[in-house]
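Using our numbering, you'd call the opening residue of the sequence shown number 20 and step up by one each time. Beta carbons: idealized from backbone N, C-alpha and C, even for Gly. Reviewing the structure listed below.
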Amino acid sequence: MAEVSRTTERLRRRPRLVLVAVLVTVVTTVSAVVVVAGCTTRPAAASTSSAAAPDAGEPPGDRAQELLARASVDTVRILDQVAAAGAAVGGTIAVVALDSDGNPLVSSPEAGQPRYTASLVKIVLVSRLLLLDAAGVLTLAPDDLALMERAVTSSDDAAMSALWVRFDGARLVADAAASLGLTVTGPPEITGQWGQAWTSASDTATVLTTLDEVLPADDAATLLRWMRATTPLAADGFDQRFGLLAGASDGVAAKQGWMCCVDDRRQLHSAGVLADGRVVVLLGDFPEATTWAQASGALARAADAVRAGIA
20 MAEVSRTTER LRRRPRLVLV AVLVTVVTTV SAVVVVAGCT TRPAAASTSS AAAPDAGEPP
80 GDRAQELLAR ASVDTVRILD QVAAAGAAVG GTIAVVALDS DGNPLVSSPE AGQPRYTASL
140 VKIVLVSRLL LLDAAGVLTL APDDLALMER AVTSSDDAAM SALWVRFDGA RLVADAAASL
200 GLTVTGPPEI TGQWGQAWTS ASDTATVLTT LDEVLPADDA ATLLRWMRAT TPLAADGFDQ
260 RFGLLAGASD GVAAKQGWMC CVDDRRQLHS AGVLADGRVV VLLGDFPEAT TWAQASGALA
320 RAADAVRAGI A
């Protein structure tokens, strides 16, 4: 199996913060049974955050232009269009959009509501493994890196399951949530059923916008490179060209997620970093009666509305 190379490209989204958290997690290898079953309880929804006030001491220039751009975003129009896209096929789409500095541009009423992660949890696990490797808590072998790349690019469930068992995925998700201050994200209630881990649009946006703060530059660049290399068809044959990857998607670093039919619902998610560093998260929840094609069309319309509205 070919060894996965790391790039040293630098992210240009914003200055990196100094990582001060001391990692004390000891990762142990555990055995887990991957089962298919539904969850009957849900964690409490978190409230959506409001836009942070600008720093009065910041110099004018690029920052002033960014504030003007944020002020020009027609949030009501965007949210109406996203809500209409979901409602047209019987579902809802939670949306969060952040500027390249992590400031909120758009946040829907559902942004803090708990939703199953489906494959979005792969980003949480992979980023955590990269962090622990960089801190010397564990050492990732070439085979581990190959599994991580496949879990991201082709959303390979077998690769994810192997990583989940090998590195105690439930603990990694819980530790990542605590480290980042995520209010909804957590491991699944059923052992091994990683697709039923929990998240929210707000939490997912936080994970993406802090990648270059939490990870060393080369590791953050590696993960984003994998996300930009998302394959048209997933390992299971599912078409990943929906949401942020529908139509022209040059430079978009995205992770797609889909799952059916726990609680008689379908989840279809698209989350990523646009070429200019802005973050967009779309978490779709639909009844089982809604087809994948209908849900995919709804997410494409929602993504178009957000991109046009924050342009």
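Check whether residue i and residue j have beta carbons under 8 Å apart
| i | j | result |
| --- | --- | --- |
| residue 303 | residue 131 | no |
| residue 298 | residue 263 | no |
| residue 113 | residue 129 | yes |
| residue 94 | residue 143 | no |
| residue 115 | residue 197 | no |
| residue 250 | residue 285 | no |
| residue 324 | residue 100 | yes |
| residue 195 | residue 206 | no |
| residue 153 | residue 255 | no |
| residue 159 | residue 182 | no |
| residue 295 | residue 119 | yes |
| residue 174 | residue 259 | yes |
| residue 145 | residue 287 | no |
Local Cβ density within 10 Å of residue i, reported as buried at 16 or more and exposed below that
| i | result |
| --- | --- |
| residue 214 | buried |
| residue 69 | Low confidence applies to residue 69: its pLDDT is 36, below 50, so where it sits in the model is not reliable enough to give any reading. |
| residue 317 | buried |
| residue 328 | buried |
| residue 301 | buried |
| residue 188 | buried |
| residue 71 | Caution is warranted here: a pLDDT of 43 is assigned to residue 71, below 50, making its placement in the model unreliable, and the coordinate value is therefore given only provisionally. It counts as exposed. |
| residue 91 | exposed |
| residue 276 | buried |
| residue 44 | Its pLDDT being 39, under 50, residue 44 is placed unreliably by the model, and nothing is read from it. |
| residue 293 | buried |
| residue 148 | buried |
| residue 124 | buried |
| residue 162 | exposed |
| residue 54 | Annotation note: pLDDT 33 at residue 54 (below 50); position unreliable, no value reported. |
| residue 211 | buried |
| residue 320 | buried |
Minimum C-alpha distance to residue i - residue among the options
| i | options | result |
| --- | --- | --- |
| residue 170 | 248, 103, 206, 99 | 248 |
| residue 208 | 200, 127, 217, 202 | 217 |
| residue 117 | 291, 232, 186 | 291 |
| residue 270 | 245, 252, 277 | 245 |
| residue 199 | 221, 240, 100, 326 | 221 |
| residue 151 | 325, 177, 123, 190 | 190 |
| residue 226 | 307, 211, 201 | 201 |
| residue 282 | 293, 110, 307 | 307 |
| residue 180 | 137, 155, 156 | 137 |
| residue 240 | 253, 268, 272, 260 | 272 |
| residue 155 | 219, 234, 289 | 234 |
Residue(s) in a DSSP beta bridge with residue i
| i | result |
| --- | --- |
| residue 273 | 291 |
| residue 333 | Residue 333 is absent from the structure shown; the chain starts at 20 and stops at 330. |
| residue 113 | 302 |
| residue 278 | 286 |
C-beta neighbour in chain B for residue i, strict 8 Å
| i | result |
| --- | --- |
| residue 150 | Of the chains in the structure shown, none is chain B; there is only one protein chain. |
Exercise for the section: Return the chain-ordered ranges of every alpha helix (DSSP H) run that is complete within the region 187-248 and spans a minimum of 4 residues. Expected result: 188-199, 220-228, 230-233, 236-247
Practice task
Pick out the complete alpha helix (DSSP H) segments inside the region 122-172, 4 residues or longer, and give them in chain order.
Solution key: Within the region 122-172, the complete alpha helix (DSSP H) runs of at least 4 residues are 140-153, 161-172.
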